[in-house]
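Novice: I'd like to ask some things about the structure below.
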Amino acid sequence: FVSLLNLYICFVLQTSQTNGGTQNPKNLDVLCLCWNGYVVSCRAVCSAIFHACDCWFTEYLDYFSAFAFILSASFVSFCFTLPWLSGVLSQTRITTVYGLLLVIWYLKHVFSMMQHFDYGYNMFCCIGVSLLTSMMYLFYILVRRRLLGRFSKSDRVLLLILVWTNGSVLLETFDFAPIFWIFDAHSLFHAATIPLPLFTRIFLREYVSENIYQLDKTV
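And the structure:
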């Protein structure tokens, strides 16, 4: 049920972004963030299938879709951390190389896990990439703080997203006995991620509003 609710929230987010015109096809970081929503939706579908029908195939589907989402989020954070890469051919190639490296790693990871699934190594990769993503966003926020002399509204929303995301990951990392024999750590982790697409929508709206002049220059 929680996975389906996640999917519904993601669907509402994508619909509002498309109909609201917040996408700017000429701006790489905004476009990547919008497309990342489709990856989140696929992740929610795979998670719902796994929890509805637990078998080896759906379990792999759940784990591999989660890793795909984590790598996708890492690519988006790369684009936001290095905004000067957008719109310049030679520099855009650097972004492309980073994306290709992530794709190659993902394919290698899936192939390796299909031969022998190592839950500990898979969790290590997921947490490691997530921490790297968080550090890149923190770097982005600190650079903006130095340039602007303050935290903008979008920066504060992004900080909220980082705290909320890493806090929810702790539920997945530190397991505990189910509350009332119903709500275990994994279910609470999924429940904690429900508001994240809504926070992302607020961040995207504020980011576009604050940077509308820079976005228009790229068109």
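Throughout the sequence shown, residue numbering follows mature numbering (1 follows the signal peptide of the UniProt record, and there is no 0), covering -20 to -1, 1 to 199 in sequence.
Just so you know, even glycine gets a beta-carbon here, dropped at the ideal spot from N, CA and C.
This structure is a prediction, so every number in the text was calculated from the model and none was measured.
1. Check whether the Cβ atoms of L142 and S110 sit closer than 7 Å, and answer yes or no.
2. Return the CA-CA distance between T2 and F60, expressed in angstroms with no decimal places.
3. For A32, count the other beta carbons within 10 Å of its own beta carbon; 16 or more makes it buried, fewer makes it exposed. Which is it?
4. Determine the burial state of V19: buried for a count of at least 16 other Cβ atoms within 10 Å of its Cβ, exposed for fewer.
5. Do you know how far the Cα of F179 is from the Cα of R185?
6. So G108 is in the alpha helix (DSSP H); what residue range does that whole segment cover?
7. For I174, name the three-state secondary structure that DSSP assigns.
8. Can you give the Cα-Cα distance for V188 and C35, rounded to whole angstroms?
9. Is L138 buried or exposed, if buried means 16 or more other CB atoms sit within 10 Å of its CB?
10. With C-beta atoms as the reference, is A172 less than 7 Å away from S148?
11. Within the same chain, show all residues whose beta-carbon is closer than 7 Å to that of M93, passing over the 5 residues directly before and after it, in chain order.
12. Considering C59, what are the terminal residues of the alpha helix (DSSP H) in which it resides?
13. Can you give me the start and stop residues for the alpha helix (DSSP H) that S148 sits inside?
14. Rounding to the nearest angstrom, what Cα-Cα distance links I174 and A24 in this structure?
15. Pick out whichever of R130, N191, D98, V123 has its Cα sitting closest to the Cα of Y40.
16. Between V90 and G100, what straight-line distance do the alpha-carbon atoms span, to the nearest angstrom?
17. If you run the structure through DSSP and keep just helix, strand and coil, what is H89?
18. With 16 as the cutoff for other CB atoms within 10 Å, does L62 come out buried or exposed?
Specialist: Per the coordinate set shown:
1. Between L142 and S110, the C-beta spacing is not below 7 Å.
2. Low confidence applies to T2: its pLDDT is 46, below 50, so where it sits in the model is not reliable, and the reading given next is rough at best. So the alpha carbons of these two residues sit roughly 16 Å apart.
3. Classification for A32: exposed.
4. Flag for V19 reads buried.
5. 10 Å
6. 99 to 128
7. Note: I174 maps to coil in three-state DSSP.
8. CA-to-CA, the gap between V188 and C35 works out to about 43 Å.
9. buried
10. yes
11. N102
12. 36 to 61
13. Note, S148: alpha helix (DSSP H), 133 to 153.
14. 10 Å
15. D98
16. 14 Å
17. helix
18. Around the Cβ of L62, a 10 Å sphere holds 16 or more other Cβ atoms; the residue is buried.
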